[in-house]
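In what follows, a single structure is set out as structure tokens and then discussed.
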Amino acid sequence: MPVRRQDWSPRSRNASASLQGEASVVERLRRELSEAGLDCLCRDRADALLARAGADETRRMRATGLDDARKMRDAIVIVTALLGELDEVSADEPDTSVFAEIAGLFDDLEGFAAHGAAAARLAARAAGPHR
């Protein structure tokens, strides 16, 4: 039975890409407030609020990274199962598009693995410096 490839491109690349290169909202607010010259009482409240917001943002980024990594793992499992059908393809296969589909499955594996690694790194960065 020939392998039939479907389109499984990672859907959450934009979310991961936007979180990777930008300063967080909390960090931008913290920077702006430090330049505003707030009085002590107001600064203490703002710092406490920003600390809570930063912790929430860290958890959200970590959860997003883990969720993306799990999705990529699941996609890899599916593609690997489809590649199991490679044993049923012979060199005499009359439908030569099967070979292109097999190559596409390997390309998908490469993309899913790269996206999963980037998502895991995003989760690690969200956790802060290595502990």
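For the sequence shown, this note's numbering gives the first residue as 311, with consecutive numbering after it.
The beta carbon of each residue, even a glycine, is placed where N, CA and C say it ideally should be.
Please classify D384 as buried or exposed, where buried requires at least 16 neighbouring CB atoms within 10 angstroms.
exposed
Are L360 and R340 closer than 9 Å when you measure CB to CB?
yes
The alpha helix (DSSP H) spanning A365 covers which residue range?
C350 to L393
Could you spell out where the alpha helix (DSSP H) holding V399 opens and where it closes?
Where V399 is concerned, there is no enclosing alpha helix (DSSP H), given that its DSSP letter is neither H nor E.
State yes or no: is the C-beta of A356 within less than 9 Å of the C-beta of L343?
yes
For S334, which three-state DSSP category applies?
coil
Using DSSP with H/G/I as helix, E/B as strand and the rest coil, what is G426?
helix
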